[in-house]
Amino acid sequence: MNEISDAAEGALDHVPHGRFETNGRHCVFEYMYRDAGNWKTYGALLLSGDAGDSQEELRKCLEWGDLFVAEQVEVPSLCEEHFMATGEGPSDLDHAYHEFVDLRVANDEELASMQVTGSLAELLVRMQTAAGRWDVRLSPNCCWG
């Protein structure tokens with residue numbers, strides 16, 4: 002555990018303990034699930050690490066520069082939430098891919114309200130491992146083969 006002064010600790014009283022590291026940078030990975038009817042459901046992950054130039058690195062890993070199979074890289078799938086929001090279950094409009102939207106610095110509100118779900122470095126490694134080998138069969142929305 003990091004040692005911090007009483008004054009600094011008091012300044013963090015409004016922030017739930019264990020929600021984020023006080024000594025690091027954080028970023029938000031924004032993504033969505035968009036079905037073939039163009040209905041969208043958005044999601045976001047709070048990650049430890051500095052976004053820096055990572056967006057370009059990340060896009061190089063993605064299918065067509067913005068698509069990925071969430072289940073393959075341990076990103077929470079938005080499909081169930083999407084089905085609930087649209088009031089429909091899986092249909093021929095659904096597919097295996099989620100869409101990358103943005104990678105940006107987390108703001109104070111996000112740091113206070115979101116839980117860190119991992120590190121940007123770990124996510125980048127998983128994306129790099131999957132690059133060029135996206136496996137749609139890992140998604141429950143895959144209806145091929």
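Counted the way this note's numbering counts, the sequence shown spans residues 2 to 146.
Glycine included, each C-beta is placed from N, C-alpha and C at the ideal position.
Rounding to the nearest angstrom, what Cα-Cα distance links residue i and residue j in this structure?
i	j	result
residue 77	residue 130	18 Å
residue 92	residue 26	40 Å
residue 40	residue 105	24 Å
residue 136	residue 88	27 Å
residue 108	residue 62	26 Å
residue 34	residue 86	12 Å
residue 71	residue 98	7 Å
residue 103	residue 139	23 Å
residue 128	residue 117	18 Å
residue 73	residue 143	13 Å
Hey, residue i and residue j are a contact pair by Cβ (cut 8 Å); roughly how many whole angstroms apart?
i	j	result
residue 48	residue 121	5 Å
residue 28	residue 44	That pair is no contact at about 15 Å.
residue 94	residue 53	Not quite, the Cβ-Cβ distance comes to about 36 Å (not below 8 Å), so this is no contact.
Is the beta carbon of residue i less than 8 Å from the beta carbon of residue j?
i	j	result
residue 68	residue 110	no
residue 58	residue 124	no
residue 82	residue 42	yes
Between residue i and chain C, is the shortest Cβ-Cβ distance under 8 Å, so that the two count as touching?
i	result
residue 32	Given the protein chain composition of this structure (a single chain), no chain C is represented.
In the segment 110-137, which residue ranges form an unbroken beta strand (DSSP E) of at least 3 residues, counting only runs that do not cross its ends?
117-120
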